[in-house]
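Colleague: Could you have a look at this structure, given as structure tokens, before my questions?
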Amino acid sequence: KEKVQAETFIKLVLLYNYRVERIKQFTNVTMGASTKEADIIVYNDDTCTKPHIVIECKNETISELEFLQAINQASAYAYALSGTIKYIWITTKSKNEYFLIDKDNNIKQSIPDIPQFGINKIQKYKYVYGGREQNQEAKKDKIKQQFFELETISEKDLINRFKQAHNSLWEGGKLDPSEAFDELDKLIFCKIWDEKIPRQKGEPYNFQIFKEPLPKNATKEQLLDIENKQTNDLFNRIITLYNQGKKEDPEVFKDNIRLSPQKVKTVVTYLESINLNITDLDSKGKAFETFMGSYFRGDFGQFFTPRNIVKFIVNSLPIDYKDKVLDTSCGSGGFLLYALNKIRLKADVFYKKDEIKHYKYWHDFASNNLFGIEISEKIARTAKMNMILHEAGHTNVISSDGLLQDIEIQKNSGNKEFKYNHFDYIITNPPFGSNVKQSEKPYLENYILGHKNINWLDPSKNECRDNQSTEILFIEQCYNFLKVGGILAIVLPDGILTNSSLQYVRNNIENWFRIIAIVSMPQTAFSPTGAGVKSSVMFLRKWNIQTTDKYKLIKQTLQEQIKKESCLKRKNRVSARSIEQPYPRDAFSN
């Protein structure tokens, strides 16, 4: 709270032009029989006898209920103070609300900002394109309020705003956490879209609260109508932004915003002042990743690979800007974004950051070479939002069953790039523990690993299994998608490497791939996501078909040789026992 209060004091001086002598902190306010302490009071005179603005500062982590209590507290101070006070400002730094106080008529109206020093008329909105340049012109006019441009904030502050906005929707269980996360994604999408709309200097942003004019001597009923109109107008602007964005980018969100106008307004209060588009790429990306990580460690932990593991795997691979990279179970998009970061770091080596070639180097890779498949439509949207915040191409992230044949995936997504023998790298952490049943997924019969031998004397005779583990099928699917010579980095449970019943899986891995390395991970590697399965990372390079056939032939030859030698040894042992222990001559005599 003290930090918020100190920063608010500085804003009053530097941004609102109030003189330090007219700003008092920790001022006693008599309220009936008790005395309380107001955080900041701004006065209209040098003797500090005419209070003008009351400011209540709170910790950034307070809940919506606590914020409402802070509004009531500031209002009580305003009514208790004598004189000409007109405004209150409640701030947690990440959230700000401002009110006009009419003490004579007992009216409190929400407004977009407090007035700057010497200003009598507040504008309808606070944030405009080119706000700083507009301020220079506004300074010439002592009557008009100065506008502000959207601000960039730190990674820590952005994480906090995302969390607070999410919590305001969740409200301790009133809305399902996953649904709250999904709805927040939609509003972040609207925010980014609004910032990208071309506008002239001085034109307001739509993703902010507008003030409706207050008629003189307005009744409480009229004020309530104005507040509702203000909220509904904001809601309609957000819906318009959302529909515009959906029209231009229909693959990100398909369903409508399912929040009430008041809920939308609450989220807007957290995000309206920031500029997500020009906030440092690393900061906003890490902020969303961190916020998302705390969420994915809950009910959706299976969709989240710990970032230290992601970083290790990607850093181990020699990915180049020309390579096509696929994640067949992309979840929140971590592998793809770390692959992008690898290319961005290469761009830093080759070009200056402000050069067009620098942007083109990594952005072309992001738009054309990163591909992801995610079976959950909700999580796929999250991956797309994650990539949008990283300014990465997201059109190649699709929602589909990653085990379908490539033709079916192309048909469902409309993206022809998802084809077999097409990718240079596949980096993936497939879902563990689920089974694909042949009765539910007919495509099981298309997989070699979806079949089993029914005649041990004749390996060519087999039939489709009743079910098979998803992680096993994904090994074969990744083989299908890889180019010859392409590299697969896949997280697998150790059972695939050690269980005797899965020898047939290991045999096929040897037939299809050169095993580059197997890295065993500790038991606790996935504990942040709630998973405790001991796992390893396999790095595999795809053989060409000739090498695969050669390995199969060598194995078959060795197996036949071993069978013959085994039979010969058994025959010799039987013969030896017959010689050593012959039956007596009268063994069958009466």
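Be aware that the sequence shown starts at 1309, since it is given in the numbering used here, and climbs by one per residue.
Each residue gets a CB set at the ideal place from its N, CA and C atoms; glycine is no exception.
Given the structure is predicted, the values throughout are model-derived calculations rather than measurements.
#1: Can you list, in chain order, the residues of its chain whose CB lies under 8 Å from that of Thr-1577, leaving out five sequence neighbours each side?
#2: Are the CB atoms of Cys-1638 and Val-1705 within a distance shorter than 8 Å?
#3: Would you give the residue range spanned by the beta strand (DSSP E) that Asp-1347 belongs to?
#4: Have a look at Ile-1546 and Thr-1369 and give me their C-alpha separation to the nearest angstrom.
#5: What number of angstroms, rounded off, separates the C-alpha of Leu-1534 from the C-alpha of Ile-1419?
#6: Give me, in chain order, the residues of the same chain whose beta-carbon lies closer than 6 Å to that of Val-1575; leave out the 5 immediate sequence neighbours on both sides.
#7: Which one of Gln-1453, Glu-1663, Arg-1327, Asn-1775 has the shortest CA to CA distance from Ser-1747?
#8: From this set, Asn-1729, Ile-1409, Lys-1358, which residue's C-alpha is nearest Ile-1379's C-alpha?
#9: Take Asp-1709 as the anchor and find which of Ile-1717, Ile-1823, Thr-1703 has the nearest alpha-carbon.
#10: Could you tell me which residues DSSP puts in a beta bridge with Met-1339?
#11: Between Lys-1309 and Val-1337, what straight-line distance do the alpha-carbon atoms span, to the nearest angstrom?
#12: Less than 6 Å between C-beta atoms, sequence neighbours within five positions excluded: which residues of the same chain meet that for Ile-1847?
#13: Kindly list the residues whose CB is nearer than 8 Å to the CB of Phe-1497, restricted to its own chain and excluding five residues on each side of it in sequence; keep chain order.
#14: Taking C-alpha atoms, which residue in Ile-1361, Ile-1735, Arg-1773, Lys-1471 lies nearest to Phe-1643?
#15: Taking only the alpha-carbon atoms, compute the straight-line gap between Ser-1476 and Asp-1502 and give it to the nearest angstrom.
#16: Report yes or no: do three or more beta-carbon pairs, one from the region 1610-1624 and one from the region 1770-1784, lie closer than 8 Å?
#17: Counting C-beta neighbours from all protein chains within 10 Å, is the total for Ile-1500 16 or more, i.e. buried, or is it exposed?
#18: Between the region 1858-1867 and the region 1641-1655, do at least 3 Cβ pairs fall closer than 8 Å?
#19: Tell me which same chain residues have a C-beta within less than 8 Å of the C-beta of Lys-1537, skipping the five on either side of it?
#20: Quick check on this structure: which residue in Tyr-1755, Lys-1769, Asn-1754 has the alpha carbon closest to the alpha carbon of Asn-1761?
#21: Relative to the C-alpha of Arg-1566, which residue among Glu-1556, Ile-1393, Phe-1543, Glu-1345 is closest?
#22: Going straight from the alpha carbon of Gly-1758 to that of Arg-1469, what length do you get?
#23: When DSSP labels each residue in this structure, what does His-1474 get in the three-state scheme?
#24: At 4 residues or longer, and completely inside the region 1366-1446: list those alpha helix (DSSP H) runs for me, N to C.
#25: At the level of alpha carbons, what is the spacing between Phe-1425 and Ala-1341?
#26: For the putative contact between Leu-1810 and Ile-1804, defined by C-beta atoms under 8 Å, what is the C-beta separation to the nearest angstrom?
#27: Contact check, Tyr-1324 vs Ile-1422 under 8 Å by CB: the rounded distance?
#28: How should Gln-1431 be labelled, buried or exposed, when 16 other C-beta atoms within 10 angstroms of its C-beta is the threshold for buried?
#29: Taking C-alpha atoms, which residue in Cys-1365, Ile-1461, Pro-1558, Tyr-1395 lies nearest to Gly-1593?
#30: Within 10 Å of its beta-carbon, does Phe-1334 have 16 or more other beta-carbons around it, so buried, or fewer, so exposed?
#31: Using alpha carbons as the reference points, say which of Thr-1778, Glu-1725, Tyr-1513, Pro-1801 lies closest to Tyr-1437.
#32: Assuming the contact rule is C-beta atoms closer than 8 Å, Ile-1415 and Lys-1332 should be a hit. Round their C-beta distance to whole Å, please.
#33: Among Ile-1651, Lys-1745, Asn-1720, which one has its Cα closest to the Cα of Ile-1683?
#34: From Lys-1471, Asn-1428, Lys-1344, pick the residue whose C-alpha is nearest to that of Phe-1599; which is it?
#35: Per DSSP, which one or two residues make a beta bridge with Leu-1678?
#36: So, are the CB atoms of Glu-1459 and Ser-1591 less than 8 Å apart?
Modeller: Straight from the coordinates:
#1: Taking C-beta separations shorter than 8 Å and ignoring five residues to either side along the sequence, the partners of Thr-1577 in its chain run Lys-1403, Asn-1404, Glu-1405, Ile-1517, following chain order.
#2: Yes, the Cβ-Cβ distance between Val-1705 and Cys-1638 is below 8 Å.
#3: Looking at the DSSP string, the run of the beta strand (DSSP E) that includes Asp-1347 is 1342-1351.
#4: Rounded to whole angstroms, the gap between the alpha carbons of Ile-1546 and Thr-1369 is 26 Å.
#5: In the sequence as displayed, the identity of residue 1534 is Ile instead of Leu. Just so you know, the alpha carbons of Ile-1534 and Ile-1419 end up roughly 11 Å apart.
#6: Counting only Cβ-Cβ distances below 6 Å, and skipping sequence neighbours, we find Ala-1473, Leu-1495.
#7: Answer by Cα proximity: Asn-1775.
#8: The shortest C-alpha separation from Ile-1379 is found at Ile-1409.
#9: When each option's Cα is compared against that of Asp-1709, the closest is Ile-1717.
#10: According to DSSP, Met-1339 bridges with Ser-1342.
#11: Our two residues, Lys-1309 and Val-1337, have alpha carbons roughly 19 Å apart in a direct line.
#12: Checking the displayed sequence, the identity of residue 1847 turns out to be Phe instead of Ile. In its chain, beyond the 5 residues on either side, Ala-1797, Ile-1824, Ala-1825 have a beta carbon closer than 6 Å to the beta carbon of Phe-1847.
#13: Tyr-1550, Gly-1553, Val-1560, Phe-1561, Met-1693, Ile-1696, listed in sequence order.
#14: Closest by alpha carbon: Ile-1735.
#15: If I take the Cα positions, the gap works out to 22 Å.
#16: With the cut-off at 8 Å, the region 1610-1624 and the region 1770-1784 do not touch.
#17: The residue is buried, with at least 16 neighbouring Cβ atoms inside 10 Å.
#18: Contact between the region 1858-1867 and the region 1641-1655 is absent: fewer than 3 CB-CB pairs across the two stretches fall below 8 Å.
#19: Around Lys-1537: Glu-1520.
#20: Of all alpha-carbon atoms in Tyr-1755, Lys-1769, Asn-1754, the one lying nearest the alpha-carbon of Asn-1761 is that of Lys-1769.
#21: It is Phe-1543.
#22: Distance from the CA of Gly-1758 to the CA of Arg-1469, rounded to the nearest whole angstrom, comes to 47 Å.
#23: His-1474: helix per DSSP, three-state reduction.
#24: The DSSP assignment places 1372-1388, 1439-1446 as complete runs of the alpha helix (DSSP H) inside the region 1366-1446, in order along the chain (cut-off: 4 residues).
#25: Per the coordinates, the alpha-carbon of Phe-1425 lies some 34 Å from the alpha-carbon of Ala-1341.
#26: Taking a contact as a CB-CB distance under 8 Å, the pair Leu-1810 and Ile-1804 counts as one, their CB atoms being some 6 Å apart.
#27: Rounded, the Cβ-Cβ distance is 7 Å, consistent with contact.
#28: Buried, since its Cβ has 16 or more Cβ neighbours within 10 Å.
#29: Distances from the CA of Gly-1593 to each of Cys-1365, Ile-1461, Pro-1558, Tyr-1395 were compared; the closest alpha carbon is that of Ile-1461.
#30: So Phe-1334 counts as exposed.
#31: Closest by alpha carbon: Tyr-1513.
#32: Here Ile-1415 is actually not in contact with Lys-1332; their C-beta atoms are around 26 Å apart, not less than 8 Å.
#33: Per the Cα distances, Asn-1720.
#34: Distances from the CA of Phe-1599 to each of Lys-1471, Asn-1428, Lys-1344 were compared; the closest alpha carbon is that of Lys-1471.
#35: Per DSSP, Val-1633.
#36: No.
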